[in-house]
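Report on the structure given below.
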Amino acid sequence: MDAKIIFFCVCTFLFTIFMTWVIRCHALRKAILDIPNERSSHRIPTPRGGGIAIVLSFLISLTGLYLAGWIDANFTVALIGGGLIIAITGYCDDIYSLKARSRILLHILAAMWALYWLGGFPVLDIGIEKITLPHMGYLLALITIIWCTNFYNFMDGIDGLAGSEGIFVALASGIALSLMGAFHLSIVMYLLTASILGFTVWNWPPAKIFLGDVGSGFLGFVFAVIALHTANQQLLSVFFWLTLSGIFLWDATFTLLYRALRGKRWYEAHREHAYQHLIALGANHKQVTISITLFNCCLLLPMACVIFYWPAYLLKLTSLSILSLGFTWIFIKSLSSSAIHINTK
359 MDAKIIFFCV CTFLFTIFMT WVIRCHALRK AILDIPNERS SHRIPTPRGG GIAIVLSFLI
419 SLTGLYLAGW IDANFTVALI GGGLIIAITG YCDDIYSLKA RSRILLHILA AMWALYWLGG
479 FPVLDIGIEK ITLPHMGYLL ALITIIWCTN FYNFMDGIDG LAGSEGIFVA LASGIALSLM
539 GAFHLSIVMY LLTASILGFT VWNWPPAKIF LGDVGSGFLG FVFAVIALHT ANQQLLSVFF
599 WLTLSGIFLW DATFTLLYRA LRGKRWYEAH REHAYQHLIA LGANHKQVTI SITLFNCCLL
659 LPMACVIFYW PAYLLKLTSL SILSLGFTWI FIKSLSSSAI HINTK
């Protein structure tokens, strides 16, 4: 990697650390705190909104890359415009608790903005053939961006988890883009990694500040837009991204489908995600975060590598990752339910 890029990443990392400290001090002064309740996984009031530091550092870095002529205008405008809509919506939700309908409408607006500049859903290469979705592709892309924006928010529930997941996905995809020769896009991912890492210094268990909706929604949106863009450019398959993001994607999807089938309001706060069941079983935040990171590195990363190098296997491996994560989710939930049943006897 070029020395200038390393220097740029280090500056982004240090700037994010500094900005997170500034935001934490401001949140403490203004009492912008996440107060624990019966659905929380933490026990003491903690400053929130630390995701602002990621938003600022990444968007400033992105602007610098555009001015240097390293990334194109459409990609830059899609990320900055849509990202700001998501970040502002998240910040308002952190402060004023927006209604679910208002949040979704603003998320739709951000997704439509991004798609206006980037186009619809990419051609699906499933290894044995390519599937084109001319009209339905736009609707599918819209749903993809909105869902990714929200599932990252749903999964940001314990110290260090969202940051660790973000670092894993951003760094792995950055390396993959470098191997594809897409160096300018890989720099975007390395800078995103540096931004998330700078925040995670403060969010590592025990967390001194939380990401907040401003940061979690922003990260989900950014990953979705970059995934669609790289797939449209035929650089990285959608299935590569689905596999890398498997823990967050499938835990959120399985849990919300489970809640919906039981007649519960899927959009309300709860404690039914797999990582929350692990906490209920007695694991602490650090143990769960490290375990999930190891799961990513030991299972999902090798699967993503096979998809990257041997696309013919992508459909089988994506299905295998879904099944393995599904069985893991069921197993953890069963353990948690059994423990609760034993404790109530």
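Per our numbering, the sequence shown starts with residue 359, numbered consecutively.
Glycine residues also receive a C-beta, built at the ideal position from the N, C-alpha and C atoms.
Let me check understanding here. Comparing Cα to Cα, which of Ile503, His493 and Trp560 lies closest to Phe376? With distances taken between Cα atoms, Phe376 lies closest to Trp560.
Can you tell me whether Asp451 is helix, strand or coil according to DSSP? Judged by DSSP in its simplified three-state form, Asp451 adopts helix.
What is the rounded straight-line gap between the Cα of Ile453 and the Cα of Thr647? Their backbone Cα atoms lie some 27 Å apart in a straight line.
Let me make sure I understand the geometry here. Which of Tyr616, Leu569 and Leu537 has the alpha-carbon closest to that of Ala632? Ranking the options by Cα distance to Ala632, first place goes to Tyr616.
Counting along the chain, where does the alpha helix (DSSP H) carrying Cys655 start and finish? Element bounds for Cys655: n/a, residue is neither H nor E.
Count the C-beta pairs between the segment 420-431 and the segment 454-465 that are closer than 8 Å, then say yes if the count reaches three, no if not. When C-beta atoms of the segment 420-431 are compared with those of the segment 454-465, fewer than three pairs fall below 8 Å, so the two segments do not count as touching.
To the nearest angstrom, report how far apart Ala697 and Ser415 are at their CA atoms. Note that Ala697 has pLDDT 49, beneath the 50 cutoff, so the model's placement of it is unreliable and the number below is only indicative. Answer to the nearest angstrom: the Cα atoms are 43 Å apart.
Is the Cβ-Cβ distance between Asp609 and Met513 less than 8 Å? By the CB criterion at 8 Å, Asp609 and Met513 fall inside the cutoff.
Cβ contact check for the segment 376-391 and the segment 562-577: 3 or more pairs under 8 Å: Yes, since at least three Cβ pairs between the segment 376-391 and the segment 562-577 fall closer than 8 Å, the two stretches touch.
Would you mind working out which of Ser419, Ala385 and Ser544 sits nearest Thr374, comparing C-alpha positions? Thr374 has its Cα closest to that of Ser419, out of Ser419, Ala385 and Ser544.
Pro405 - DSSP class collapsed to helix/strand/coil: In the three-state reduction of the DSSP assignment, Pro405 falls in the strand class, which pools E and B.
Using 8 Å as the Cβ pair cut-off and three pairs as the minimum, do the segment 593-607 and the segment 659-667 touch? Because the criterion of three Cβ pairs below 8 Å is met, the segment 593-607 and the segment 659-667 touch.
Does the Cβ of Asn654 have 16 or more other Cβ atoms within 10 Å, making it buried, or fewer, making it exposed? Taking all protein chains in view, the Cβ of Asn654 is crowded by 16 or more other Cβ atoms within 10 Å, so the residue is classified as buried.
Do the segment 578-595 and the segment 398-406 make contact, defined as three or more Cβ pairs closer than 8 Å? Because the criterion of three Cβ pairs below 8 Å is not met, the segment 578-595 and the segment 398-406 do not touch.
Return the CA-CA distance between Phe366 and Ile650, expressed in angstroms with no decimal places. Phe366 and Ile650 have their C-alpha atoms roughly 29 Å apart.
Cutoff 8 Å; reference Leu652; Cβ partners in own chain excluding five residues on either side: There are no such residues.
Span of the alpha helix (DSSP H) around Asp609: Annotation for Asp609: the continuous alpha helix (DSSP H) segment containing it runs Gly604 to Leu619.
Alpha carbon to alpha carbon, how far is Val527 from Met538? Those two C-alpha atoms are separated by around 16 Å.
For Gln634, the first and last residue of its enclosing alpha helix (DSSP H): Per DSSP, Gln634 is one residue of the alpha helix (DSSP H) stretching across Ala632 to Ala638.
Spatial neighbours of Gly518 in its chain, beta-carbon cut-off 8 Å, leaving aside the 5 residues before and after: Closer than 8 Å at the Cβ level, and outside the excluded window around Gly518, lie Thr558, Asn561, Trp562, Pro563, Ala565, His643, Lys644 and Thr647.
Could you tell me which uninterrupted alpha helix (DSSP H) segments, each at least 4 residues in length, are contained entirely in the segment 476-559, listed from first to last along the chain? With a minimum length of 4 residues, the continuous alpha helix (DSSP H) runs that stay inside the segment 476-559 are 494-513 and 519-537.
Round the Cβ separation of Ala530 and Ala670 to the nearest angstrom and send it over; I've been treating them as touching at under 8 Å. That belief does not hold up - the Cβ atoms of Ala530 and Ala670 are roughly 21 Å apart, past 8 Å.
Whether Tyr510 touches Gly409 by CB criterion (8 Å): No, the pair does not count as a contact, with Cβ atoms beyond the cut-off.
What first and last residue would you give for the alpha helix (DSSP H) that runs through Leu577? That run of the alpha helix (DSSP H) goes Gly570 to Asn590.
For Ala361, does the count of other Cβ atoms within 10 angstroms reach 16, so buried, or fall short, so exposed? With fewer than 16 other Cβ atoms within 10 Å, it is exposed.
Please list the terminal residues of the continuous alpha helix (DSSP H) segment that includes Lys388. Counting along the chain, the alpha helix (DSSP H) containing Lys388 begins and ends at Ala361 to Lys388.
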